[in-house]
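Protein sequences, first through last, are from chains F and B. Each residue of the first sequence is one higher than the one before, counting from 1 in my numbering. Each residue of the second sequence is one higher than the one before, counting from 1001 in my numbering. Glycine included, each C-beta is placed from N, C-alpha and C at the ideal position. Every value quoted in this text rests on a predicted model; they were computed, and no experiment measured them. For reference, the structure discussed in these notes is given below.
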Amino acid sequence: MDFNYSNEQLALQDTLQRFIARDYGFERRRELARSPLGFSAAAWAQYADLGVLSLPFPEEFGGLGGNAVDIMLVMELVGRGLLLEPFLSTIVMCGGLIRDAASETLKRTMLPRIGAGEIKLALACYEAAGRYELSWVACTAVCSTGGWRLSGRKTVVLDAPSADYFLVSARTGGAAADAQGISLFLVGREAAGVTPFAYPTQSGGRAADLRLDDVAVDASALIGLPGEGLAIVERAVDRGIAALCAEAVGIIAALNEATLNYLKNRKQFGVPIGNFQALQHRMADMFIGAEQARSMAVIAAVSADSDDAAERRRAVSGAKAYIGQAARFVGQQAVQMHGAMGVVDDFIVSHYFKRLTMISSSLGDSDFHLARFSDTPMT
Amino acid sequence: MDLKYTPEEEAFRARVRALFEAELPADIRDRMRLGKRVRKEDLVRWQRILNAHGWGAVMWPACFGGTGWNVIQQHIFEEERADIGAPPQNAFSLKMLAPVLMTFANSAQQEYFLPRIIAGEDWWCQGYSEPGSGSDLASLRTSAVRHGDHYLVNGQKTWNTWGQHADWIFCLVRTGTEGRPQQGISFLLIDMKSPGITLKPITMLDGEHEINEIWFDNVRVPAQNLVGDENKGWTYAKFLLTHERTNNAGIGSCKRALKTLKQIAAEQVSHGRPLIEDPRFRDRIAQVELELMALEITNLRVLSATASESRALGPEVSVLKIKGSEIQQTLAELQMQALGPDALPYLREALEMDWVADPSFAEHYRPYAPPLSGQYFNLRKTTIYAGSTEIQKNIISQLILGL
């Protein structure tokens, strides 16, 4: 076993930390969250220059050949800096999906452009009636001359407003809840019949609902085999979950630092409030929570690249369920111990808290993943 | 022991319900039920309607213009109020300041201020916390110096709720520096229109303007606005806080929120089935329901014992405050969690009544959805305000348990 980052990983971490400190302060981040785009196009270009956007792609497609541990490292800083750019959607989930499952031609055309920051993608894999269940697909794809025609709805598609392409799960066979019969398609945002309804999210990001009305795509838009798309989407979302876990760990660490600092500096009754044992023990519990959460994020990261779906599922769902609970505890207690300072918009603590809360409601909540974990037999 | 309502109490409930059904304006009811942005004019309008029926102050004794109802009647009133979706009344005026005025103010103050409160003419806010004085309230520094027939007030208050709508503020001010910090505090009533008062909004984490900082720069306050004795304000302040904390239990609102939670869980869908059929989520609802069942009876036991022994509320209200605030938070959290991914959208404009959802979005994003995440965020305040949970536990361990 080895729990250390490599020198390259440490160098990347250092570079990103300096970038956040210099270009992504709290005020700047608030401006970006309120801007029409919702993130920094300049930062996106810088990530491309730094190699962050090509990190998980094979070298033959202009990538750095990184793994899920590299992603974990980046996502932890995405958390700490509350970065708004669509790294999770474009690079981790969609980029990863194309790398794993797309044709050589598609990989060659798309991965270098994704890595260069030229195009962005969003994963449209959830529908309202399915809640967090990826196999619930009522959206249909019907074979037609030279391609497919897609119709249906996709809800709360993360980062959709800025995406150039959507990866859409649609049913080519079976009934709404069947695992079989799901296929995956690449759909351009400008395709006729695609109507996004865009909105900001509670934590400053962007998302959209997608309506697909008889959208025509080429035969080449199909990714993987027809009817076999669920495994592909699940794998991409599992990587996304591992990444969200790392983001949460970054936020938990930052909240603990902020809270500890407050306990040492805020004085009431003539002493720092950190002198009170009730708060000391609470802070100790938050510290324990952070350590345990970090371990779960590591478990999720090292399993996220696994080809064994059951192993991956247990690891990422276990981590998401566990970290969801740790994030809830740390987030709520960080706010509580900051007193009224914890519930104002002018101070970063509430923004961390809101992001943690929204992470919990994204890609499956703790209840969903606890069920998925306990329903997956140990191998 | 009997936990059943008597026929008289049931008849009373029917009377309360009937009046609410007849008198609550439909537009106010709709805004409340859908969790739209609260408007002062709604609350004032409702206060005046209640007052016109002699129900402007159901928690006041009859000699001050209240109904003189017992605690069970007040409980029924509050339960029906929340259930039908009527707005809460201004607690700062009716439930916090008024008991202080009735107990400690002179008759001129009582005769002037109390009728204006019940008639909805004056809107009161609270000036307690300061930047350096939160849990340690007695360390407050806003000063009031006597000059002949008036005081000159200087300092800063913060975390003031709804001061932007207030006509008056009741303030804790420092009039003495001798002895313990508690000994030099006075309770002063200040007209918000006084020259020298500056109010600066604070945006809360849900993006709403609910609280303020207030600065006092040589504000002249007539000496006749001092309540009780100079330097005795800490006694009045604690008396007020005890009333505030009882009010914080919010049983009626919690029961309404529980009902709403069940409705939401029945409407939200998970894997093609109503969420409420998911045993994990159902158990979460059951857990908070049990807490609320217990608190309702604890609340009534405490209030009834206090009333029958004719004594003032004591430190046991800290139990009500802790449990009530936690239950409110849990209910809000479960309502948000029930939304699943629909907890993510942030639609500020959806908090206005005239907002209409995009038709395809509205297929899954229900009318009850827009305020829920913001409410969860916002209600984190309940375990912080009116004396944090930590302070309440200190009170229980020191004043009740003698530790």
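For this session: Answer with buried or exposed for residue 1200 of chain B, where buried requires no fewer than 16 other C-beta atoms within 10 angstroms of its C-beta.
Result: exposed
Problem set entry | Coil, strand or helix - residue 189 of chain F by DSSP | coil
For this session: Give the straight-line distance between the Cα atoms of residue 1121 of chain B and residue 1009 of chain B, rounded to the nearest whole angstrom.
Result: 32 Å
Exercise. According to DSSP, what are the bridge partners of residue 209 of chain F?
Worked result: F:197
Problem set entry | Under 7 Å from the C-beta of residue 1395 of chain B: neighbouring residues of chain F | Neighbours of residue 1395 of chain B on chain F: none; closest Cβ ~13 Å, over 7 Å.
For this session: Report the option in F:307, F:143, F:301 whose CA atom is closest to the CA atom of residue 68 of chain F.
Result: F:301
Exercise. What's the call for residue 139 of chain F, buried or exposed, on a 16-neighbour Cβ count within 10 Å?
Worked result: Answer is buried; the Cβ neighbour count reaches 16.
Exercise. Alpha carbon to alpha carbon, what distance is there between residue 1371 of chain B and residue 1034 of chain B?
Worked result: 8 Å
Problem set entry | Alpha-carbon to alpha-carbon, residue 1184 of chain B and residue 1058 of chain B | Rounded to the nearest whole angstrom, the CA to CA distance from residue 1058 of chain B to residue 1184 of chain B is 34 Å.
For this session: Please say whether residue 1137 of chain B and residue 1173 of chain B have beta carbons closer to each other than 9 Å?
Result: no
For this session: Note down, in chain order, all residues in the region 1356 to 1374 of chain B with a beta-carbon under 7 Å from any beta-carbon belonging to chain F.
Result: Interface annotation for the region 1356 to 1374 of chain B against chain F: 1358, 1360, 1361, 1363, 1364, 1373, criterion Cβ-Cβ distance under 7 Å.
Exercise. Residue 1328 of chain B by DSSP, collapsed to three states: which one?
Worked result: helix
Problem set entry | Residues near residue 1233 of chain B by beta carbon distance below 6 Å, same chain, minus five either side | 1172, 1185, 1186, 1187
Problem set entry | Nonlocal neighbours in the same chain, by C-beta distance under 7 Å from residue 230 of chain F, ignoring five residues either side | 134, 135, 179, 182
For this session: Please name the residue in B:1149, B:1134, B:1213, B:1182 whose C-alpha comes closest to that of residue 1161 of chain B.
Result: B:1213
Problem set entry | 4 or more residues per run - each alpha helix (DSSP H) lying fully within the region 1317 to 1373 of chain B | 1317 to 1338, 1359 to 1362
Exercise. With DSSP run on the structure shown, which of helix, strand or coil describes residue 1007 of chain B?
Worked result: helix
Exercise. Quick one: is the Cβ of residue 1204 of chain B within less than 8 Å of any heavy atom of the ligand FAD?
Worked result: Judged by which ligands are present, the structure shown has none, so any question about the ligand FAD falls away.
Exercise. Which bits of chain B does residue 269 of chain F rub up against, with CB to CB less than 7 Å?
Worked result: Under the 7 Å cutoff, chain B gives 1136.
Exercise. Do you know offhand how far residue 1305 of chain B's Cα is from residue 1073 of chain B's?
Worked result: 15 Å
Problem set entry | Cβ-based contacts, 7 Å cut-off: residues of the region 125 to 158 of chain F near chain B | 126, 128, 129, 130, 131, 132, 133, 136, 153, 155, 156
Exercise. In angstroms, rounded to a whole number, what distance separates the CA positions of residue 1308 of chain B and residue 1153 of chain B?
Worked result: 41 Å
Problem set entry | First through last residue of the beta strand (DSSP E) which encompasses residue 1222 of chain B | 1209 to 1222
Problem set entry | Beta-carbon gap between residue 73 of chain F and residue 246 of chain F smaller than 9 Å | Going by C-beta atoms, residue 73 of chain F is nearer than 9 Å to residue 246 of chain F.
For this session: Using a Cβ-Cβ cut-off of less than 8 Å, give me the residues of the region 321 to 342 of chain F that come near chain B, in sequence order.
Result: 332, 335, 336, 339, 340, 342
Problem set entry | residue 131 of chain F burial status per 10 Å Cβ neighbour count (16 or more: buried) | buried
Exercise. Taking one C-beta from the region 342 to 352 of chain F and one from the region 1015 to 1027 of chain B each time, how about it: are there three or more such pairs within less than 8 Å?
Worked result: Taking 8 Å as the limit for Cβ pairs, the verdict is that the region 1015 to 1027 of chain B does not touch the region 342 to 352 of chain F.
Problem set entry | Nearest candidate by alpha-carbon position, reference residue 1223 of chain B, set B:1252, B:1217, B:1191, B:1198 | The closest CA to that of residue 1223 of chain B, considering only B:1252, B:1217, B:1191, B:1198, is found on B:1191.
Exercise. When DSSP builds the beta bridges, which residues end up paired with residue 1200 of chain B?
Worked result: B:1213, per the DSSP bridge assignment.
For this session: List in chain order: all unbroken beta strand (DSSP E) runs of 3+ residues lying wholly within the region 1067 to 1114 of chain B.
Result: none
For this session: With residue 1392 of chain B as the anchor, note down where its alpha helix (DSSP H) starts and where it stops.
Result: 1389 to 1395
For this session: Name, going along the chain, the residues of the region 1265 to 1286 of chain B whose beta-carbon falls closer than 7 Å to a beta-carbon of chain F.
Result: 1269, 1270, 1271, 1272, 1280, 1281
Exercise. Can you list the residues of chain F that residue 1141 of chain B reaches, using a CB-CB cut of under 9 Å?
Worked result: Chain F residues near residue 1141 of chain B: none, gap ~13 Å exceeds 9 Å.
Problem set entry | Within 8 Å of chain B by C-beta, residues of the region 177 to 200 of chain F in sequence order | For the region 177 to 200 of chain F, the beta-carbon criterion of a distance under 8 Å to any beta-carbon of chain B is satisfied by 177, 195, 197, 199, 200.
Exercise. Per DSSP, residue 1157 of chain B is paired with what?
Worked result: Its beta-bridge partners are B:1214.
Problem set entry | Classification of residue 159 of chain F by the beta-carbon crowding that lies within 10 angstroms, buried from 16 upward | Buried.
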